[in-house]
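Before any comments, here is the structure.
Chains as they are written, first to last, in the numbering used here: chain H, 21 to 172; chain A, 21 to 172; chain U, 21 to 172.
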C-alpha cells in the first residue's frame, strides 16, 4: 500500500480538495447510517482511532471501531427499527505540514421511526478528523467527536 | 436544443462539477420553496419524471410536475401561510457511462408559520436524481424521493 | 490595504470560488458561535453592515457589529450556558459586475444546554451577503438576515 500525502496536486486545487472531502463523507456516512459496520470501519486506516465522545474510551483499529458502532446502536435503539441520518455542516478543511488533512465540522442526527414523519433531531456535535490519502482514496486516521451537551 | 453529456470538460474538474450541482440545487430549491410551480417544473427535462414518494404515482412531464406540486401543497397546508425551506445534505455526485449525473442526498424540510420562531422539521428523506446538461445548463431528468418513515 | 475584485482568477474557477466561500463561512461561523464578538466583527469590512432582522436597526462598522452580537446574546440567553451552532444550506454564489460576491443561503440555529442531548432548533432564516476580497481574504461587506417567522 502506497502512503501518499495530500500535497501532490490535490492540495493545490482548492475546489477539488473540498469536493473530494465532501464526497468522501457522503459515502462514509451512508455506511454509518446503514449500520454496515465493517464497511464503515474499512474507511478508517488499519490503525484508525474513533473517539465518539469524551465520556467513553476511543476504539483503536477497524475491528474495535466496527464493534463499538454496533454496541452503541444496540444500547440506544435495541431491536427498534429506525432510519438514522447523520448531517454534516460548516466543514473546514486544512492541509497540515505532514500532508494529512485536518477537518472540523458540525453534526446532527435525524432519527425516523416507521410511519412517523417527524424525526428526532440531536445531539449536536463538533467533530475533528485527520484524513490521509492511500492508493488515491481518502481514509480516516482519527475521529474525535464532542457532543455539545457534554462539552460544558 | 443541443443535448450534451457531462463528460466534456466539466466531468474532469471534480471541484467545478460538485459546485455546479450544488448551485443548481440551490436555485432549483428556491423555486420549489416559493411554490413557483411552473418555473420549478422547467428545471426538469420536458419528459422529466418526479416521484415524490413511493406511495403516490410519479408525475411525468412539466405540466404534471407543476400540478402535482401545487396539489400536494394544498393538500398539506390548504390556505395556511407558511415558509417552507428544503435542506439538502451529504450529496454524492457520480458521472454515469452515458454522461448523465447520478446524485443521492438527504433532505429535511423546515416549515415556519408567522410569528413562531420554532419551525416544524421533517420529514427526513433520501433523494436520487438523474441530471443532464442541456445548452450548458443542468436539468433534472428524474427525481425519486423516499421519505424515511415510509421506507421500512 | 489592497482592494481586489473577485474577478481575477478566482471567479474563473467555479469550484475554487464555491469552496472558498464555504470555508470562509465555516471559519466565520466558529467565531460567531463561540461569541468571539470582536474577531467575528473583524471578518466584516471596516464599514461593514450587519442587519440581523428587519425588525431591528442594522449595525454599521465593526465596533457596532460586535456590540450588537453581545447584546442580542445577552437579551436571549442572559447568563445561561449554551452551545449555539449556526447551520447554513442551499448556498448560491454569484459574481456581480463590480467584482463583489453576492450570496444567498438558508440558516438554522441549534442551541444545546448542558446534559440535554436534544437541541432547540430555530429560527429558520434567509441570509443575503455581499463579500469582497481584500489582501487575498474574503470579508463581509453587508449581511441582511430575514427570519422566516418575520417574513410574512
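Note that CB positions come from ideal geometry on N, CA and C, so glycine has one too.
With a threshold of 9 Å between beta-carbons, can residue i be considered close to chain A, or not?
{"i": "residue 100 of chain U", "result": "no"}
{"i": "residue 85 of chain H", "result": "no"}
{"i": "residue 39 of chain U", "result": "yes"}
{"i": "residue 80 of chain H", "result": "no"}
Beta-carbon of residue i versus every beta-carbon of chain H: anything under 9 Å?
{"i": "residue 59 of chain U", "result": "no"}
{"i": "residue 138 of chain U", "result": "yes"}
{"i": "residue 130 of chain U", "result": "yes"}
{"i": "residue 143 of chain U", "result": "no"}
{"i": "residue 163 of chain U", "result": "no"}
{"i": "residue 93 of chain U", "result": "no"}
Taking Cβ positions only, does residue i come closer than 9 Å to chain U?
{"i": "residue 123 of chain A", "result": "no"}
{"i": "residue 50 of chain A", "result": "yes"}
{"i": "residue 149 of chain A", "result": "no"}
{"i": "residue 170 of chain H", "result": "yes"}
{"i": "residue 34 of chain H", "result": "yes"}
{"i": "residue 45 of chain H", "result": "no"}
{"i": "residue 115 of chain H", "result": "no"}
{"i": "residue 126 of chain A", "result": "no"}
{"i": "residue 146 of chain H", "result": "yes"}
{"i": "residue 152 of chain A", "result": "no"}
Can you list, in chain order, the residues of its chain whose CB lies under 6 Å from that of residue i, leaving out five sequence neighbours each side?
{"i": "residue 123 of chain H", "result": "113, 149"}
{"i": "residue 79 of chain H", "result": "70, 85, 88"}
{"i": "residue 44 of chain H", "result": "158"}
{"i": "residue 72 of chain A", "result": "165"}
Excluding the five sequence neighbours on either side, which residues of its own chain have a C-beta within less than 8 Å of the C-beta of residue i, listed in chain order?
{"i": "residue 146 of chain U", "result": "124, 125, 126, 127, 165, 166, 168, 171"}
{"i": "residue 21 of chain H", "result": "Bear in mind that a pLDDT of 41 at residue 21 of chain H, under 50, signals an unreliable position, so the model cannot answer this."}
{"i": "residue 143 of chain A", "result": "128, 129, 167, 168, 169"}
{"i": "residue 90 of chain H", "result": "55, 57"}
Report the CB separation of residue i from residue j in whole angstroms; it is logged as a contact under 8 Å.
{"i": "residue 161 of chain H", "j": "residue 65 of chain H", "result": "5 Å"}
{"i": "residue 34 of chain U", "j": "residue 39 of chain A", "result": "5 Å"}
{"i": "residue 62 of chain A", "j": "residue 82 of chain A", "result": "6 Å"}
{"i": "residue 152 of chain U", "j": "residue 31 of chain U", "result": "Rounded, the Cβ-Cβ distance is 13 Å, inconsistent with contact."}
{"i": "residue 42 of chain A", "j": "residue 37 of chain U", "result": "About 12 Å separates the two Cβ atoms, so there is no contact after all."}
Helix or strand or just coil, what does DSSP make of residue i?
{"i": "residue 35 of chain H", "result": "helix"}
{"i": "residue 172 of chain A", "result": "coil"}
{"i": "residue 133 of chain H", "result": "coil"}
{"i": "residue 163 of chain U", "result": "strand"}
{"i": "residue 138 of chain A", "result": "coil"}
{"i": "residue 67 of chain U", "result": "strand"}
{"i": "residue 92 of chain H", "result": "helix"}
{"i": "residue 49 of chain H", "result": "helix"}
{"i": "residue 157 of chain A", "result": "strand"}
{"i": "residue 87 of chain A", "result": "helix"}
Comparing the CB of residue i with every heavy atom of the ligand FMN, is any distance shorter than 8 Å?
{"i": "residue 65 of chain U", "result": "As for the ligand FMN, it is missing from this structure, which has no ligand bound."}
Within its chain, find whatever has a CB closer than 7 Å to the CB of residue i; leave out the 5 residues flanking it on each side and keep chain order.
{"i": "residue 53 of chain A", "result": "104, 105, 106"}
{"i": "residue 109 of chain H", "result": "125, 126"}
{"i": "residue 92 of chain A", "result": "72"}
{"i": "residue 139 of chain A", "result": "130, 131, 132"}
{"i": "residue 77 of chain A", "result": "none"}
{"i": "residue 74 of chain A", "result": "166, 170"}
Counting only beta-carbon atoms, is residue i nearer than 9 Å to chain D?
{"i": "residue 55 of chain A", "result": "Considering every chain present, this structure includes no chain D. Its protein chains are H, A and U."}
Is the region 103–111 of chain H in contact with the region 128–135 of chain H, if contact means three or more CB pairs nearer than 8 Å?
-> yes
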